Amino acid sequence: MLQIENITVYYGNIQAIKGVTLDIQEGEIVTLIGANGAGKSTLLKTISGLLKPKDGQIIYEGKPIGGKAAQAIVKQGISHVPEGRRIFANMTVEENLQLGAYLRRDRAGIKKDMEQVYELFPRLLERVKQQAGTLSGGEQQMLAMGRALMAKPKLLLLDEPSMGLAPLLVKTIFRIIEEIKATGTTILLVEQNAHLALSIADRAYVMETGRIVLSGKANELTESEEVKMAYLGGH
62 MLQIENITVY
72 YGNIQAIKGV
82 TLDIQEGEIV
92 TLIGANGAGK
102 STLLKTISGL
112 LKPKDGQIIY
122 EGKPIGGKAA
132 QAIVKQGISH
142 VPEGRRIFAN
152 MTVEENLQLG
162 AYLRRDRAGI
172 KKDMEQVYEL
182 FPRLLERVKQ
192 QAGTLSGGEQ
202 QMLAMGRALM
212 AKPKLLLLDE
222 PSMGLAPLLV
232 KTIFRIIEEI
242 KATGTTILLV
252 EQNAHLALSI
262 ADRAYVMETG
272 RIVLSGKANE
282 LTESEEVKMA
292 YLGGH
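Here's what the structure looks like:
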């Protein structure tokens, strides 16, 4: 579904991604784990068109998308839930969700998807007319995910969905990620909580200073001594 081939990405003069190659198959949850500053968020931003690769290729469903405008990439079926949620604080929950469907014209489909978002996130239904900025952190995360789903993505990029949330809410968010996968959406998950990310992923990549240093099935990486020592607090 998505192939990334040897891409390099710069922030100004700093090389943030150094020759990364990875692939995602349809229907999978693939997780990217690594320390802060490893380049995980940069990679997601490059896939979704917010940053442009200097070298290498990003192929989505057989077509190159590296360097395309972000809205063109959304149109092709990739939605990005950014780190820090980035909801529109002065707009209502409903208005935020409607913005997610901005590029769509199928009114009946939008209505149906809105209902599905409310089924996934009942809390949002209770807050439909509430200003998004007044929601709790967990509710804002649900809204950011719901808004991305309103674009009807085939591939969902999730950046740090558990950040700053209470443990109980984190469990809820991860259960919902699994439910989203069950609807047929493919997911690329960037997550600091490596334990949880590996528990729901099919495969995983480990990033360090802009490079992929390990990859494999999620359950195998969970057992890897290297991963245990660095990311799972094990010995």
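In case it helps, the working numbering puts the sequence shown at residues 62 to 296. Beta carbons: idealized from backbone N, C-alpha and C, even for Gly. Note that the structure is a prediction, hence the values are computed from the model and not measured.
Nearest Cα to Glu269 within the set Leu63, Lys124 and Leu104: Leu104. Rounded to whole angstroms, the gap between the alpha carbons of Val154 and Glu287 is 43 Å. With fewer than three CB-CB distances shorter than 8 Å, the segment 114-125 does not count as touching the segment 167-184. Burial check for Lys101: the Cβ neighbour count within 10 Å reaches 16 or more, so the residue is buried. Residue range Arg168 to Leu181 is occupied by the alpha helix (DSSP H) that includes Gly170. Linking Gln76 to Val70 through their CA atoms gives a straight-line distance of about 6 Å. In this model, Leu210 and Lys190 are separated by some 19 Å (Cα to Cα). Just measuring C-alpha positions, the residue of Leu204, Leu219 and Glu66 sitting nearest Lys79 is Glu66. For Ile90, the enclosing beta strand (DSSP E) begins and ends at Ile90 to Ile94. Annotated as proximal: Leu217 and Ile241, with beta-carbon spacing under 9 Å. The shortest CA-to-CA distance from Ile120 to any of Thr82, Ala262 and Leu293 is the one to Thr82. Counting along the chain, Thr247 sits inside the beta strand (DSSP E) bounded by residues Thr247 to Val251.
Judged by their CB atoms, Leu259 and Ile85 are not nearer to each other than the 9 Å cut-off. Looking at Gln159, Tyr163, Phe182 and Lys129, the one whose alpha-carbon comes closest to that of Ile238 is Phe182. In the DSSP assignment, Thr233 falls within the unbroken alpha helix (DSSP H) covering Pro228 to Ala243.
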